[in-house]
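See structure below.
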Ligand SMILES: Nc1ncnc2c1ncn2[C@@H]1O[C@H](COP(=O)(O)OP(=O)(O)O)[C@@H](O)[C@H]1O
Ligand SMILES: [Mg+2]
């Protein structure tokens, strides 16, 4: 049964304390951890809640279930089966963000999808960071121009975010650079646990600043650097898995686009297999909704969509310009 609540009352309804069974003690633990509302809770797995709040696993599962129940009551989450025709109708109205390249947009079925986790991977210089910068600008375009008139949150792990580059891209697209910069919230992270901590704050920016795009450039850097060697591999994969699922839930619950990058090296053993499969491990492959493999082709770049639930494996050619991502002038496909 969906309960009707006015927009201005929704915030109160979503307060952690409105979850059945959450008393003042647990509520205060949530507040102390910077978690104030029910949606935020659902971005965590029960195991995350155990660690963040120091509560028992059973309690964490109970809270997750009750939180989900509350969201379905408020009509913010589906709880039961839907006819596939309804699902299709919903999918056709999904918001998307243009990448700036028509070729790349078509490859993605119209642009970067909200509610999904999109991963760009490829070697150094393949254009991952350029795509991230461009999206921070295009998300701000009005809907008629294939944006969402919204802001962006940017987690920068490699110290490659450049506001100057944003200015150039914004100017080239006829936007006021100063206004554009004000709507991008950048967090520079120093290690994996700092990354997890900052990610936990993202819901605040989504809600208060109307951000609809979350970027993590790049997702794995710190995990890779901190968990070195074979003996650490399983712990690393476990941590990474949990982190990526937090991002995926963030996308689904807040209806934002989450874009992550992943740097891969052309390893010698790739020679014998499919290079597009040889990155990030299975963990990465399983968490991402869409994976796009980027490679250099002279001045241009080739994007290939891999393992998509509904796209055929196909290529698109794009280029890097002052305006960010664009289509090559001649040789424009499609
Ligand atoms: N203003 C610009 N115009 C055209 N190309 C640019 C511009 N700025 C950077 N590039 C190109 O972007 C490439 C680097 O891409 P980048 O996104 O940083 O790669 P990575 O995949 O390692 O993140 C370089 O080849 C660089 O020449
Ligand atoms: Mg980069």
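In this note's numbering, the protein residues as written are 47 to 380. Backbone N, C-alpha and C fix where the C-beta goes; we use that ideal spot for every residue, glycine too. Predicted model only: the values in this text are computed from it and were never measured.
Could you check whether the Cβ of residue 206 sits closer than 6 Å to any heavy atom belonging to ligand 2? In terms of side-chain proximity, the C-beta atom of residue 206 is found nearer than 6 Å to a non-hydrogen atom of ligand 2.
* To do: Report the rounded CA-to-CA distance for residue 69 versus residue 251, giving the unit in angstroms.
  => For residue 69 and residue 251, the distance between alpha carbons rounds to 27 Å.
Quiz item: In whole angstroms, what separates the C-alpha of residue 328 from that of residue 241?
Solution: Residue 328 and residue 241 have their alpha carbons spaced roughly 21 Å apart.
Checklist entry - Which word fits residue 52, buried or exposed, when buried means at least 16 other C-beta atoms lie within 10 angstroms of its C-beta? => result The residue is exposed, with fewer than 16 neighbouring Cβ atoms inside 10 Å.
Return the first residue and the last residue of the alpha helix (DSSP H) that residue 175 is part of. Where residue 175 is concerned, the enclosing alpha helix (DSSP H) stretches over 174-184.
Expressed to the nearest angstrom, what Euclidean distance is found between the alpha-carbon atoms of residue 85 and residue 245?
-> Those two C-alpha atoms are separated by around 14 Å.
Determine which residues share a DSSP beta bridge with residue 261 and list them.
-> BP columns for residue 261 point to 200 and 305.
Item to complete: Measure from the alpha carbon of residue 190 to the alpha carbon of each residue in 143, 105, 214 and 108, then state which is nearest.
Response: A check of alpha carbon separations from residue 190 across 143, 105, 214 and 108 identifies 143 as the nearest.
The segment 208-224 in contact with the segment 253-265 per 3-pair CB rule at 8 Å:
At 8 Å Cβ cutoff, the stretches do not touch.
task: Compute every distance between the C-beta of residue 366 and the non-hydrogen atoms of ligand 1, then say whether any falls below 6 Å.
output: Yes.
Could you check the C-alpha separation between residue 94 and residue 374 for me, to the nearest Å? One C-alpha to the other measures close to 45 Å.
- Query: Does the Cβ of residue 176 lie closer than 6 Å to at least one heavy atom of ligand 4?
  - Reply: Absence of ligand 4 from the depicted structure is noted, with ligand 1 and ligand 2 being the only ligands included.
### Rounded C-alpha distance that separates residue 270 from residue 55
Straight-line Cα distance between these residues: approximately 44 Å.
| task | List the whole-angstrom C-beta distance separating residue 200 from residue 307, where the pair is believed to meet the contact cut-off of C-beta under 8 Å. | result | A Cβ-Cβ distance of about 11 Å is found for the pair residue 200 and residue 307, leaving them out of contact under the 8 Å criterion.
With a threshold of 8 Å on Cβ separation, who are the neighbours of residue 96 within its own chain once the five nearest residues in sequence on each side are excluded?
Excluding positions up to five away in sequence, the list reads 102, 103 and 106.
Taking a contact to mean a Cβ-Cβ separation below 7 Å, would you say residue 89 touches residue 258 in this structure? No. Outside cutoff.
Problem - 6 Å Cβ shell around residue 213 - same chain, five flanking residues per side excluded - result: If the five residues before and after residue 213 are omitted, its C-beta is found closer than 6 Å to the C-beta atoms of 223, all from its own chain and listed in chain order.
- Task: Pull up the DSSP beta-bridge partners for residue 367, would you.
- Result: Its beta-bridge partners are 370.
- Query: Going along the chain, which residues of its own chain have a beta-carbon closer than 7 Å to the beta-carbon of residue 253, five neighbours each way excluded?
  - Reply: Excluding sequence neighbours, residue 253 sits near nothing in its chain.
* In terms of DSSP beta bridges, what is residue 143 paired with? -> Beta-bridge pairing by DSSP links residue 143 to 158.
- What is the rounded straight-line gap between the Cα of residue 340 and the Cα of residue 77? If you draw a straight line from the Cα of residue 340 to the Cα of residue 77, it is about 41 Å long.
Requested in this report: Starting from residue 269, trace the beta strand (DSSP E) both ways and give me its first and last residue.
Outcome: Boundaries for residue 269: no beta strand (DSSP E) harbours it, while the alpha helix (DSSP H) harbouring it runs 267-272, taken from the DSSP string.
Taking contact to mean 3 or more Cβ pairs, one atom from each stretch, closer than 8 Å, check whether the segment 168-175 and the segment 337-355 are in contact. Yes, since at least three Cβ pairs between the segment 168-175 and the segment 337-355 fall closer than 8 Å, the two stretches touch.
Exercise. For residue 98, does the three-state DSSP call read helix, strand or coil?
Worked result: Residue state, collapsed to three classes: helix.
Practice item. Using the Cα positions of residue 370 and residue 303, report the straight-line distance between them to the nearest angstrom. Key: Going by C-alpha positions, residue 370 is about 19 Å away from residue 303.
Check: Does the separation of the CB atoms of residue 229 and residue 197 fall below 7 Å?
Finding: At a Cβ-Cβ threshold of 7 Å, residue 229 and residue 197 count as neighbours.
So, do the segment 129-147 and the segment 267-282 have three or more beta carbon pairs nearer to each other than 8 Å? With fewer than three CB-CB distances shorter than 8 Å, the segment 129-147 does not count as touching the segment 267-282.
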